[in-house]
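Student: I have a structure here, written as structure tokens, and I will follow up with some questions on it.
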Amino acid sequence: MISQELLEILACPKCHTKVELREPDQLRCPHCKVLYPIVDGIPVMLIEEAKPESDAG
């Protein structure tokens, strides 16, 4: 689980918009409509690791 403090400072590396926690293991950029994975509790904020929101689920 990501702390609220960390969540408040994380931003999308592409557009710099604040990301939102999407349970259980993803961060969502509302502007780019992409999801960044959280692996073993660590956010992977690499543009090449982002998945389009439409591919999720």
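So for the sequence shown, our numbering puts the first residue at -13; every next one is plus one.
Where a beta carbon is used, it is the ideal one built from N, C-alpha and C, also for glycine.
Please read all numbers here as calculations on a predicted model, not as lab measurements.
1. Relative to the C-alpha of P38, which residue among L(-8), L(-7), P16, E9 is closest?
2. Under 8 Å, do D11 and I28 count as touching if we go by C-beta distance?
3. Measure the alpha-carbon distance for V30 versus Y22 and round it to whole angstroms.
4. Determine the burial state of L(-8): buried for a count of at least 16 other Cβ atoms within 10 Å of its Cβ, exposed for fewer.
5. Using 8 Å for Cβ pairs, my map puts L(-4) next to L13. What's the rounded Cβ distance?
Tutor: Working from what's here:
1. Along the sequence shown, one-based indexing puts residue 38 at 52. Checking every option, the nearest Cα to that of P38 belongs to P16.
2. For this step, residue 11 is matched to residue 25 along the sequence shown. For this step, residue 28 is matched to residue 42 along the sequence shown. No, they are not a contact pair.
3. On the sequence shown, position 44 is the one that residue 30 refers to. On the sequence shown, position 36 is the one that residue 22 refers to. In a straight line, the C-alpha of V30 is about 6 Å away from that of Y22.
4. In the sequence shown, counting from the first residue as 1, residue -8 sits at position 6. Per the 10 Å Cβ criterion, exposed.
5. Locating residue -4 in the sequence shown gives position 10, counting from the first residue. Locating residue 13 in the sequence shown gives position 27, counting from the first residue. Yes, they are in contact, since the Cβ atoms of L(-4) and L13 sit about 7 Å apart, within 8 Å.
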